[in-house]
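In what follows, a single structure is set out as structure tokens and then discussed.
Residue numbers (the working numbering), protein chains in the order written: chain A, 1 to 583; chain B, 1 to 194.
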């Protein structure tokens, strides 16, 4: 049956068809929907991991125990999971093990645009790269066969445009592999030096075998064009952009397997064309391989290592097409940009308003609340990686101990569990008197509301014990732990002042559910008494998209307003009324 | 079989995903090769969001190149202005009159631009409210745009029934029909169907 499926949905279908029985992933754009869709199959035991390392470790042991297993993550998630990946390359598998990693060229929702293909080379594991949803399904399925045949984890590389594009997918009936027997085998699965030395030799043999296999695999294709002038080597989404830009006159090698890379097919293309290009987004991974094997190719010197490629850009660089005509005068006028913002009714807004008011130095983290860095809140000084806020605060205070009364770490509930709690234990152990603010909005917000240990439900919506963040922090040795409501800004301000003044580590758990959760009641929009409003602008400082500066008074965009009343609480003239009456 | 490139421009949260899903399904059912690119994650939080639907005999890139857009569906005025330069010479704009000021306008750092490029402008929000909820403004706008697309009303109704929750089907079909009637009454920039 042909359906229109997201790339990520198709990977999940591939898992189902391959008889994958265990999936453990931490959400991360653009990879999240793989696991969300996998969770819809009753046959798959599918869970949200607390971080990518935990998820992959569980998947490695599950495959050793005989079940085909999977972990999915975004590119930076693979940094977190790199430790188990590199050694799982040595242990190999029992039943198949597949890891999907989704890169984000253009950084639509990421803090860097690292190229995950290097992980395949560095960990010495094969990597497949689909270029549409049908290939996402088929390659995922094939990846399990390769995993078992070559005794290796297999990486499937995706990118934002593959993960989040719907294309036709041809569903196939699933297979139901028997669980493989488990036999104790320390030489293969206990990686201490003596065993690992022997396994490393196996890894090198395997890569030679895979190198031979990739020369003939149908995953890589050579299609001759109508002219023999230009040849293109490409993979994944770059392949689609290249074909769109350059059409059927050009000859293409499309690589469905990007590690290891073939030589013969590339040489054949090189010999058949006058001019050979490597078109790959981000780094010159394939180009370096070509040059190593003596092929004369053009690529990164003329194309960019930055962001995504467009058809216009490739036509200009390769066909010498002239740039598009000057835009018309009307559209040439600069338009106000529209960056993402905290939603109307967002529980984080009050917290950042108070932090800006107190002029705090804010060590931030990864989540919706990173948007607190944007104007007009401007309340963030640092954001590095998942969990980096807490250890960051510790380091900041090492260099500037006097900032203990004016610097805080800010981190969301899911991110704190992912890797912030280790920073907190570190801070307590090494005795810096930092103040950590945990924004508990009862969900994993940015990636689209996944459950996590504070929500009391699993991926399959089954009840789970509710993790108490306050108790967790007390257990880590923090004596000063308190809770606050981000919409009660005077109380939150008082709490922050007290904890910043305290000469020991402290944690404030700021609790208020995400405004977008179905369970969060939407209140009637606020109204403005234009007669009372003096346009002082105080309410506009919270950066709510539902408020605008009018000619005589502040205006409310009624369909947007969530009625949270944060603005009403700030107004000194009583000009803003909530649905329940004047605040 | 002709090719068709559609851009859906809007603000995160306005429902461009449902609109693109409906269009993708309609083209697929007519035997087209289809690619629909969506936006998930951070840029979805109130930011400028562009969704693409491409249909044809064979579609490679999911993205629409500058100057090659046949139909621009804009769920918001400023976003119509932002993306109108993508239209092909014969391309059509169908836009909602709804204004959502972006942060630079809210803070007073910029003015909301008042120009309105030529196109079929409808009050999709008002139509949606008449149908039962402002949330179906996306479907009302699709109704207005439907005069430029080849699908029959029954095909639209079937696609809506397949894509929205059961309890919202009737309301969305109402919004679609109100939009379709509005689109027929108003003068667009061009009248030829795509």
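From the three backbone atoms N, C-alpha and C, an ideal C-beta is built for every residue, glycine too.
The contact set of residue 37 of chain B on chain A, defined by CB atoms closer than 7 angstroms, consists of 161, 164 and 165 in chain order. For residue 549 of chain A, the neighbours in chain B by C-beta distance under 9 angstroms run, in chain order, 101, 105, 106, 107 and 108.
About 6 angstroms separates the beta carbon of residue 172 of chain A from that of residue 17 of chain A, a gap short enough to meet the 8 angstroms contact definition. When DSSP reads this structure, residue 276 of chain A sits in a beta bridge with A/231. With contacts defined as CB atoms closer than 8 angstroms, residue 523 of chain A and residue 579 of chain A qualify as a contacting pair. With a beta-carbon spacing of about 11 angstroms, residue 51 of chain B and residue 63 of chain B fall beyond the 8 angstroms limit used to define contacts. Per DSSP, residue 155 of chain A is one residue of the beta strand (DSSP E) stretching across 154-159.
The straight-line gap separating the alpha-carbon atoms of residue 533 of chain A and residue 369 of chain A is approximately 30 angstroms. Residue 515 of chain A sits close to residue 345 of chain A, with the two beta carbons spaced by under 8 angstroms. Contact fails between the stretch 277-286 of chain A and the stretch 147-157 of chain A, because fewer than three Cβ pairs, one in each stretch, are under 8 angstroms apart. Counting C-beta pairs closer than 8 angstroms gives fewer than three between the stretch 178-194 of chain A and the stretch 260-271 of chain A, which falls short of the contact rule. DSSP, reduced to helix, strand and coil, places residue 128 of chain A within a strand of the structure shown. Any Cβ of chain A closer than 8 angstroms to the Cβ of residue 179 of chain B would place that residue at the interface, and such an atom is absent. The beta carbons of residue 105 of chain A and residue 388 of chain A sit no closer together than 8 angstroms.
A distance below 8 angstroms between beta-carbons, with the five flanking residues on each side excluded, links residue 491 of chain A to the following residues of its chain, in chain order: 484 and 485. The alpha-carbon separation between residue 55 of chain B and residue 304 of chain A amounts to approximately 29 angstroms. Contact between the stretch 86-104 of chain B and the stretch 58-73 of chain B is established, with three or more Cβ pairs separated by less than 8 angstroms.
The Cβ of residue 567 of chain A sits no closer than 8 angstroms to any Cβ of chain B.
Within the stretch 550-565 of chain A, those residues whose Cβ lies closer than 8 angstroms to any Cβ of chain B are, in chain order, 557, 559 and 560. Straight across, the Cα-Cα distance linking residue 393 of chain A with residue 56 of chain A is about 29 angstroms. The way I'd put it, the stretch 465-475 of chain A does touch the stretch 501-516 of chain A; three or more beta-carbon pairs between them come closer than 8 angstroms.
Selection B/118, B/49, B/68 and B/45 evaluated against residue 37 of chain B yields B/49 as nearest (Cα-Cα).
The residue among B/41, B/35, B/69 and B/47 with its C-alpha nearest the C-alpha of residue 58 of chain B is B/35. Per the coordinates, the alpha-carbon of residue 449 of chain A lies some 21 angstroms from the alpha-carbon of residue 10 of chain A. Among the residues facing chain A, residue 82 of chain B is included, as its CB has a counterpart in that chain under 8 angstroms away. With fewer than 16 other beta carbons inside 10 angstroms of its own, residue 30 of chain B counts as exposed. From the listed residues A/545, A/21 and A/87, the smallest Cα separation to residue 11 of chain B is found for A/545. Taking the C-beta atoms as reference points, residue 413 of chain A is found no nearer than 8 angstroms to residue 371 of chain A. One finds nothing in chain A with a Cβ atom closer than 8 angstroms to the Cβ of residue 165 of chain B; even the nearest lies about 12 angstroms away. CA-to-CA, the gap between residue 543 of chain A and residue 348 of chain A works out to about 11 angstroms.
Against residue 125 of chain B, the close residues of chain A are 559, in the order they occur along the chain (beta-carbon pairs closer than 8 angstroms). Separation of residue 551 of chain A and residue 530 of chain A (C-alpha to C-alpha, rounded to the nearest whole angstrom) is 10 angstroms.
Interface annotation for the stretch 223-245 of chain A against chain B: 237, 239, 240, 241, 242, 243, 244 and 245, criterion Cβ-Cβ distance under 9 angstroms. Not flagged as an interface residue toward chain A: residue 91 of chain B, since no C-beta distance is shorter than 8 angstroms. The beta carbon of residue 446 of chain A falls within 8 angstroms of a beta carbon belonging to chain B, placing the residue at that interface. Listed by position along chain B, the residues whose Cβ is nearer than 8 angstroms to that of residue 337 of chain A are 48, 102 and 104.
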